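S.K.: The structure that follows is given in the form of structure tokens.
Residue numbers (our numbering): 7 to 377.
Pasting the structure below:
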């Protein structure tokens with residue numbers, strides 16, 4: 007069944023393990039790695055990734071040896087129990103992208119090789135499910151856009167990206183709901199064929215979206231590493247020295263690691279910087295995530311609400327003061343009296359205007375604001 011993904015006993019030999027058991031171990035290993043909060047270079051996580059790659063290679067060998075799929079077999083012809091094995095290249099590609107050598111052992115060339123191998127595996131996965139007509143909807147549109155040689159329209163690309171994000175979220179939520187219902191019903195792996203097939207199709211859709219995102223981010227990293235390799239090749243196998251820093255700006259002070267701007271007293275910004283006086287990457291990310299810039303006054307949510315309430319109260323007080331001033335002016339005019347018809351008419355218009363303002367607050371004509 008596609009619903010059950012529990013790994014077999016750890017003592018089982020990988021050589022004698024059947025395809026279903028080997029895939030269950032691979033699926034469990036990928037989920038553990040994907041849900042892990044350990045750093046990418048953590049030795050424990052890297053050992054688990056290596057174990058997952060061994061399982062992926064073994065699954066690929068068994069699928070080929072058992073001839074699970076034929077080259078001209080489409081999605082409608084594949085048995086429900088075999089749908090999950092289409093995910094093996096996806097698991098292998100994702101695990102290859104997460105391989106990180108230790109700094110004292112690895113190099114840019116090793117990382118570049120791992121990225122290219124992982125990209126090839128993900129590309130084969132997408133090409134395979136497209137050939138079997140299992141790539142549909144937004145995922146198919148995203149793959150066709152990525153394969154196109156034409157320069158995509160920025161607006162259309164953004165619209166497609168949003169549509170893919172929504173489709174991936176729908177697939178993820180639907181898959182989680184199906185698995186939760188199966189677990190609540192005590193499904194031991196012998197669920198009905200329709201439910202298992204729906205789970206398999208949702209898994210393919212979700213993994214296709216993940217593969218597209220991984221390929222896009224990997225292409226950017228590959229481009230950067232290739233530029234680094236080219237620079238090293240042009241400099242005798244070593245990175246060229248960094249360019250000299252630009253001349254200091256009039257307001258910039260170097261040497262202390264701090265940058266000071268000529269601002270009013272109490273608003274001096276102190277930046278966590280290196281010797282060059284530039285803001286470090288870590289400091290920038292901290293400020294982006296926390297919204298707190300050292301030296302600048304920032305408000306918490308509670309402080310902002312209190313400030314808004316104070317401003318609202320001041321506005322109401324000013325409105326009441328203005329109304330009192332108008333009433334006082336009206337009484338003064340009445341006591342003074344008027345000698346001409348023009349002054350009497352002016353008084354009548356002023357009273358009518360004040361009464362209208364008192365009875366018709368701003369926005370009262372909007373139907374949505376009526377109580």
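Ideal Cβ positions, reconstructed from N, Cα and C, are used throughout, including at glycine. Here the structure is a predicted model, which means the values were calculated and not measured.
What residues in its chain sit with their C-beta under 8 Å from that of residue 173, if we drop five residues either side in the sequence?
M.R.: Around residue 173: 143, 144, 145, 211 and 215.
S.K.: Determine, using beta-carbon pairs with one atom in the region 60-70 and one in the region 88-95, whether at least three such pairs fall under 8 Å.
M.R.: Result yes; three or more Cβ-Cβ pairs closer than 8 Å.
S.K.: Counting Cβ pairs, one atom from each stretch, are 3 or more of them under 8 Å apart for the region 218-232 and the region 123-139?
M.R.: Touching, yes, given that three or more Cβ pairs across the two stretches are closer than 8 Å.
S.K.: For residue 120, collect the residues of the same chain with a Cβ closer than 6 Å to its Cβ; drop the 5 residues on either side in sequence, then sort them by chain order.
M.R.: Contacts found: 102 and 105.
S.K.: Quick check on DSSP: helix, strand or coil for residue 235?
M.R.: DSSP places residue 235 in helix when its eight states are reduced to three.
S.K.: Rounded to a whole number of angstroms, what is the C-alpha to C-alpha distance between residue 180 and residue 27?
M.R.: Looking at the two C-alpha atoms, the distance is approximately 25 Å.
S.K.: Smallest Cα separation from residue 224: which of 118, 245, 190 and 311?
M.R.: That would be 118, whose Cα lies nearest to the Cα of residue 224.
S.K.: Would residue 186 be called buried (16 or more neighbouring beta carbons within 10 Å of its own) or exposed?
M.R.: So residue 186 ends up on the exposed side.
S.K.: So, at 7 Å on beta carbons, what are the nonlocal neighbours of residue 245 in its own chain, with the 5 sequence-adjacent residues on each side left out?
M.R.: Excluding sequence neighbours, residue 245 sits near 237 and 238.
S.K.: Taking just the CA atoms, how far does residue 55 sit from residue 114?
M.R.: Their backbone Cα atoms lie some 19 Å apart in a straight line.
S.K.: Using only CA atoms, which one of 82, 241 and 222 lies nearest to residue 200?
M.R.: The shortest C-alpha separation from residue 200 is found at 82.
S.K.: Taking the runs of the alpha helix (DSSP H) that are 4 residues or longer, which of them lie wholly in the region 121-188?
M.R.: The qualifying runs are 143-153.
S.K.: Quick check on residue 322: buried or exposed, where buried means 16 or more other Cβ atoms within 10 Å of its Cβ?
M.R.: Exposed: under 16 other Cβ atoms inside 10 Å.
S.K.: Quick check: what's the CA-CA separation for residue 165 versus residue 147?
M.R.: Whole-angstrom Cα-Cα distance: 11 Å.
S.K.: For residue 46 and residue 53, what's the separation of their Cα atoms in angstroms?
M.R.: The straight-line gap from Cα to Cα measures roughly 11 Å.
S.K.: Which residues bound the alpha helix (DSSP H) around residue 69?
M.R.: Segment 49-72, the alpha helix (DSSP H) holding residue 69.
S.K.: Quick check: residue 208 and residue 189, are their CB atoms within less than 8 Å of each other?
M.R.: No. Outside cutoff.
S.K.: For residue 366, count neighbouring C-beta atoms within 10 Å of its own C-beta (all shown protein chains included) and say buried if the count is 16 or more, exposed if not.
M.R.: Residue 366 comes out exposed.
S.K.: Compute the distance between the beta-carbons of residue 80 and residue 138, then report whether it is under 8 Å.
M.R.: Their beta carbons are under 8 Å apart, which means residue 80 touches residue 138 by this criterion.
S.K.: Under 8 Å between the Cβ atoms of residue 89 and residue 203?
M.R.: Yes; because the gap between Cβ atoms is below 8 Å, this pair is in contact.
S.K.: Assuming residue 171 contacts residue 149 (C-beta within less than 8 Å), just tell me the rounded distance between them.
M.R.: At roughly 15 Å, the Cβ-Cβ gap does not stay under 8 Å, so residue 171 and residue 149 are not in contact.
S.K.: Along the alpha helix (DSSP H) that carries residue 95, what are the first and last residues, could you check?
M.R.: Per DSSP, residue 95 belongs to the alpha helix (DSSP H) from 94-103.
S.K.: With a CB to CB cut of under 7 Å and the five nearest residues on each side skipped, what residues in its chain are close to residue 62?
M.R.: Contacts found: 32, 94, 97, 98 and 101.
S.K.: Taking DSSP as the reference, what is the three-state secondary structure of residue 245?
M.R.: In this structure, residue 245 counts as coil in the three-state DSSP scheme.
S.K.: Nearest-angstrom Cα distance between residue 325 and residue 352?
M.R.: So the alpha carbons of these two residues sit roughly 23 Å apart.
S.K.: When the Cα of residue 364 is compared with those of 337, 350 and 330, which residue comes out closest?
M.R.: Considering only alpha carbons, the answer is 330.
S.K.: Return the first residue and the last residue of the alpha helix (DSSP H) that residue 37 is part of.
M.R.: Run containing residue 37: 25-41, per the alpha helix (DSSP H) assignment.
S.K.: Which same chain residues end up closer than 6 Å to residue 107 when comparing Cβ atoms and leaving out the 5 residues on each side of it in sequence?
M.R.: Only 116 meet the Cβ criterion.
S.K.: Using three-state DSSP, classify residue 381 as helix, strand or coil.
M.R.: The shown model of the chain, from 7 to 377, leaves out residue 381, and the question about it has no answer.
S.K.: In three-state terms, what does DSSP make of residue 78?
M.R.: Three-state result, residue 78: coil.
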